[in-house]
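Trainee: The structure is given below, and queries will be raised subsequently.
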Amino acid sequence: MKLRMLSLVLMILLAVGIVPAAAQDSFPVTIEHKYGTTTITEAPERVVAIGFTDQDPLLALGIKPVAVRYWYGDEENAIFPWAQDEAEGAEPVVLNMATLSFEAILELQPDLIISVYSGITEEEYETLSQIAPTIAQSGDYIDYGTPWQVATQMIGAAVGQSDAADTLIVDVESVFADAREQNPQFEGKRIAVAYRFGTDYGFYTAQDPRGRFFENLGFVVPDELVEVAGEAFYAGVSSERLDLLDQDILVFVGLQFAEGGREGIEADPLFSQLNVVQEGRIVYVPTELDDALQFSTVLSLPYLVEGILPELQAATGSADVTCEAGLRAFEHAMGVSCIPETAERVVVLDTGETDNALALGAPVVGAPIGDVLQYQAYLSDQLDGIADTGTISEPNFEAILELGPDLILGSKQRYESIYDQLSQIAPTVLTESLRVPWQDNFRTHADALGKTAEAEQLLADYEAHVADVQTAVGDALETTTISIVRFRPGQVRLYLKSSFIGYILQDVGLSRPPSQDEDVFSGEISIEEMQQVDADYIFVTGYDVEDSERATFLESPLWQTLSAVQNERVIDVNDDFWIAGLGVQAANLVLDDLANLLGDTEAAAG
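Take 1115 as the starting number for the sequence shown in my numbering and just add one per residue.
This is the structure:
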């Protein structure tokens, strides 16, 4: 495994322009960087490190720089705790300069200048190169954004120790691999790596070493944060958009720069309202670990991983869970459960779980077959070999037990009261609610099934499908309003923005009438409230409609006054996937309908 990883690392490093690749310890050696190439003709003896963290790779390679550049902190020699052993008491000259002092650097008589973790300009590079051969930052990344692996290899090659640099890289990569293996609950969790400078909030993306560190542990910086930051490695957050920090996990770094430190952050009433804060899914990185994170070097990272893991485990609710061989800790709505690393016999309890598990190719052995056939007829040709486990509302424990499942999937909204009984049969994973974006539950199902990669591909396909629908609808997309009315016995419902169909319409960009523009699941209406239904298009659905008020509504004089009725834009749609499906297959079928029903029609807004 280490050899395979080493080969992969070397291929990446060759791509950033380190040559020659074969005779790493012979000179001359030429290094490519942002401003061209630098050739070093012989092994350097007086190295000056002006990149803010470049001393660490040098020390790890046994090279004691004659001078290092001060970044921040109280360390008099700019050597932090994680590098003390390698420094062996060395006391380099500390260059405490916001702007480079070329005179001071010249006086040190360097034969090599390292400036990899930096943002030096081309003019500064040219001046430094007149003093000594200079290695600038990589041109393949933003300034101050060169990954630690690339920095280590560039510096290793420059001092004639490429083999040693490769070994260091593999060793640190193994630390991350071990951490991921021991903490599978980190995988795919959305993380915000936040800061507060004074009273202003912001976050880092994975272009920055601070964000990249957590992605190396399995966490993911959400696309919405990446989009806000654009090409920058960070972005500020206004008080009105603190919701951007409300992710699965929130990590606060740089507390020394926040007004009032941690206490000042916790005292902010807007911040304290975030779900991630109220539920304790937050890590305040202590100063000594924050320093290691800021550096993110071959020496600081193992120190940081060891120190931060307990904090992250506590925030993900997995600190005290130890699973047997073949099982992994998995966080869900009911806590942390030990589930199979690869499930082989899966029972699904509801429509969303059924749709998603089948889409992912999971080994489903049991499902509420009768209800699936009634409410999800579009899945009927996917049910061969799957046993019936009762109804959605009343699972048959005996039938489930006989199937010998190793994983059960459901939702807390429906099955919280019987979770303990289900867990006695097999590890059970429950999502929080049916009333969240369907993609959230899909990702949870996929994570539990060990099919994260397959899920992300299906989600990417869905997004492409959304784009196709938007193209089909055309200019009408911005002005067309939609209503969803569902008839069922004893009830007439308007399905609003926080419903399955509501989230799909939002993904496409279709709007609701002003009276329906609410982030709620649904609302019941009476004939007297008929005007709330009106929109450019009314999509009508339901089940057991012969026992519902459908006929009464549709024959009402008030119904006839609605503009959608008068313009003949009332359309019956399939309840199975518009309302009941709750999964990725149903979502795509809805998109097909939207393209067919709206794509060839000139929509007239209001």
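Beta carbons: idealized from backbone N, C-alpha and C, even for Gly.
Given the structure is predicted, the values throughout are model-derived calculations rather than measurements.
Excluding the 5 residues flanking residue 1411 on each side, which residues of the same chain have their C-beta closer than 7 Å to its C-beta?
Mentor: Taking the first residue of the sequence shown as position 1, residue 1411 is located at position 297. So the list reads 1167, 1170, 1171 and 1262, once near-sequence residues are dropped.
Trainee: In angstroms, rounded to a whole number, what distance separates the CA positions of residue 1544 and residue 1290?
Mentor: Position 430 of the sequence shown, counting from 1, holds the residue named residue 1544. Position 176 of the sequence shown, counting from 1, holds the residue named residue 1290. Residue 1544 and residue 1290: Cα-Cα distance of roughly 29 Å.
Trainee: I need the DSSP call for residue 1626, collapsed to helix, strand or coil.
Mentor: Looking up residue 1626 in the sequence shown gives position 512. The answer is coil: DSSP assigns residue 1626 none of H, G, I, E or B.
Trainee: Between the segment 1383–1393 and the segment 1348–1365, do at least 3 Cβ pairs fall closer than 8 Å?
Mentor: yes
Trainee: Helix, strand or coil: how does DSSP classify residue 1652 here?
Mentor: Within the sequence shown, the letter at position 538 stands for residue 1652. Three-state result, residue 1652: strand.
Trainee: To the nearest angstrom, how far is it from the Cα of residue 1614 to the Cα of residue 1373?
Mentor: The count along the sequence shown starts at 1 and reaches residue 1614 at position 500. The count along the sequence shown starts at 1 and reaches residue 1373 at position 259. In a straight line, the C-alpha of residue 1614 is about 42 Å away from that of residue 1373.
Trainee: Would you mind listing the alpha helix (DSSP H) stretches within the segment 1321–1405 that are 4+ residues and don't spill past its ends, in chain order?
Mentor: 1323–1330, 1337–1343, 1375–1380, 1383–1386 and 1389–1392
Trainee: The alpha helix (DSSP H) that contains residue 1514, what's its start and end?
Mentor: Looking up residue 1514 in the sequence shown gives position 400. Looking at the DSSP string, the run of the alpha helix (DSSP H) that includes residue 1514 is 1511–1517.
Trainee: Out of 1494, 1533 and 1336, which has the shortest C-alpha to C-alpha gap to residue 1508?
Mentor: Walking along the sequence shown from the start, residue 1508 turns up at place 394. Minimum Cα distance to residue 1508 is reached at 1533.
Trainee: Use the C-beta contact count for residue 1665: other C-beta atoms within 10 angstroms, 16 or more gives buried, fewer gives exposed.
Mentor: Here residue 1665 refers to the residue found at position 551 of the sequence shown. When all chains shown are included, residue 1665 counts as exposed.
Trainee: Taking DSSP as the reference, what is the three-state secondary structure of residue 1520?
Mentor: Here residue 1520 corresponds to residue number 406 of the sequence shown, with the count starting at 1. In the structure shown, residue 1520 sits in coil (DSSP, three-state: anything other than H, G, I, E or B).
Trainee: Round the Cβ separation of residue 1515 and residue 1539 to the nearest angstrom and send it over; I've been treating them as touching at under 8 Å.
Mentor: Numbered from 1 along the sequence shown, position 401 holds the residue referred to as residue 1515. Numbered from 1 along the sequence shown, position 425 holds the residue referred to as residue 1539. With a Cβ gap of about 5 Å, residue 1515 and residue 1539 count as contacting.
Trainee: Tell me the start and end of each unbroken beta strand (DSSP E) in the segment 1211–1236 that is at least 3 residues and wholly inside, in chain order.
Mentor: 1226–1228
Trainee: What is the DSSP secondary structure of residue 1494, counted as helix, strand or coil?
Mentor: The residue labelled residue 1494 in the question sits at position 380 within the sequence shown. In the three-state reduction of the DSSP assignment, residue 1494 falls in the helix class, which pools H, G and I.
Trainee: Would you report the Cα separation of residue 1705 and residue 1577, rounded to the nearest angstrom?
Mentor: Residue mapping note: residue 1705 aligns to position 591 of the sequence shown, counting from 1. Residue mapping note: residue 1577 aligns to position 463 of the sequence shown, counting from 1. Cα-Cα distance, rounded: 10 Å.
Trainee: Using CA atoms only, rank isn't needed, just tell me which of 1324, 1524 and 1430 is closest to residue 1348.
Mentor: Here the question's residue 1348 lines up with position 234 in the sequence shown. Here the closest residue by C-alpha is 1324.
Trainee: What does the alpha-carbon distance come out to for the pair residue 1583 and residue 1140?
Mentor: Start at 1 with the first residue of the sequence shown, and residue 1583 comes out as number 469. Start at 1 with the first residue of the sequence shown, and residue 1140 comes out as number 26. Spanning the two alpha carbons is a distance of roughly 59 Å.
Trainee: For residue 1343 and residue 1243, I'd like the C-alpha separation in whole angstroms.
Mentor: Within the sequence shown, residue 1343 is the residue found at index 229, counting from 1. Within the sequence shown, residue 1243 is the residue found at index 129, counting from 1. Whole-angstrom Cα-Cα distance: 34 Å.
Trainee: Which residues in the same chain as residue 1278 place their Cβ atom closer than 7 Å to its Cβ, once the five residues preceding and following it in sequence are excluded?
Mentor: Numbered from 1 along the sequence shown, position 164 holds the residue referred to as residue 1278. Correct list, in chain order: 1175 and 1270.
Trainee: Between the segment 1244–1255 and the segment 1144–1154, do at least 3 Cβ pairs fall closer than 8 Å?
Mentor: yes
Trainee: Beta-carbon separation of residue 1713 and residue 1580 under 7 Å?
Mentor: Stepping through the sequence shown from its first residue, residue 1713 is reached at position 599. Stepping through the sequence shown from its first residue, residue 1580 is reached at position 466. Not in contact: residue 1713 and residue 1580 (Cβ atoms no closer than 7 Å).
Trainee: So, are the CB atoms of residue 1638 and residue 1600 less than 7 Å apart?
Mentor: Locating residue 1638 in the sequence shown gives position 524, counting from the first residue. Locating residue 1600 in the sequence shown gives position 486, counting from the first residue. Result no, Cβ atoms of residue 1638 and residue 1600 do not sit closer than 7 Å.
Trainee: Taking only three categories from DSSP, how would you classify residue 1188?
Mentor: One-based indexing of the sequence shown puts residue 1188 at position 74. The three-state reading of DSSP puts residue 1188 in coil, since its state is none of H, G, I, E or B.
Trainee: Count the other CB atoms, across all protein chains shown, that sit within 10 Å of the CB of residue 1541; report buried if there are 16 or more and exposed otherwise.
Mentor: Stepping through the sequence shown from its first residue, residue 1541 is reached at position 427. Looking at its Cβ environment, which holds 16 or more other Cβ atoms inside 10 Å, residue 1541 is buried.
Trainee: Pull up the distance between the alpha-carbon of residue 1479 and that of residue 1648, whole angstroms please.
Mentor: In the sequence shown, residue 1479 corresponds to position 365, counting from 1. In the sequence shown, residue 1648 corresponds to position 534, counting from 1. One C-alpha to the other measures close to 44 Å.
Trainee: Please list, in chain order, all residues of the same chain as residue 1191 whose beta carbon is under 7 Å from its beta carbon, the five residues on each side excluded.
Mentor: Position 77 of the sequence shown holds residue 1191. Here the set comprises 1205, 1206 and 1208.
Trainee: Does residue 1204 come out as helix, strand or coil in the three-state DSSP assignment?
Mentor: As a first step, residue 1204 must be located in the sequence shown, where it is residue number 90. It is coil, neither helix nor strand.
Trainee: My understanding is that residue 1087 touches residue 1194, with C-beta atoms under 8 Å, so please give their C-beta distance in whole angstroms.
Mentor: The question about residue 1087 has no answer here: the residues shown for the chain are numbered 1115 through 1720.
Trainee: What residue from 1394, 1383, 1385 and 1398 has the CA that sits closest to residue 1376's CA?
Mentor: Residue numbering aside, residue 1376 sits at position 262 when the sequence shown is read from its first letter. If we check each option's Cα against that of residue 1376, 1398 comes out closest.
Trainee: In terms of alpha-carbon separation, which member of 1298, 1296, 1297 and 1327 lies closest to residue 1307?
Mentor: In the sequence shown, the residue the question calls residue 1307 occupies position 193. For residue 1307, the nearest C-alpha among the options comes from 1327.
Trainee: When the Cβ atoms of the segment 1679–1691 are set against those of the segment 1456–1463, are three or more pairs found closer than 8 Å?
Mentor: no
Trainee: What's the gap between the Cα of residue 1723 and the Cα of residue 1184?
Mentor: A question about residue 1723 goes unanswered here, because the residues of the chain that appear run from 1115 up to 1720.
Trainee: In chain order, what residues of the same chain have a beta carbon less than 6 Å from the beta carbon of residue 1300, not counting five sequence neighbours either side?
Mentor: Against the sequence shown, residue 1300 aligns to sequence position 186. Excluding sequence neighbours, residue 1300 sits near 1331, 1332 and 1333.
Trainee: Is the distance from the Cβ of residue 1605 to the Cβ of residue 1629 below 7 Å?
Mentor: Numbered from 1 along the sequence shown, position 491 holds the residue referred to as residue 1605. Numbered from 1 along the sequence shown, position 515 holds the residue referred to as residue 1629. Going by C-beta atoms, residue 1605 is not nearer than 7 Å to residue 1629.
Trainee: One question on the structure: do residue 1634 and residue 1619 come within less than 7 Å of each other, judged by their Cβ atoms?
Mentor: Numbered from its first residue, the sequence shown carries residue 1634 at position 520. Numbered from its first residue, the sequence shown carries residue 1619 at position 505. Taking 7 Å as the Cβ cut-off, residue 1634 and residue 1619 do not qualify as a contacting pair.
Trainee: Please classify residue 1467 as buried or exposed, where buried requires at least 16 other C-beta atoms within 10 Å of its C-beta.
Mentor: Position 353 of the sequence shown holds residue 1467. Answer is buried; the Cβ neighbour count reaches 16.
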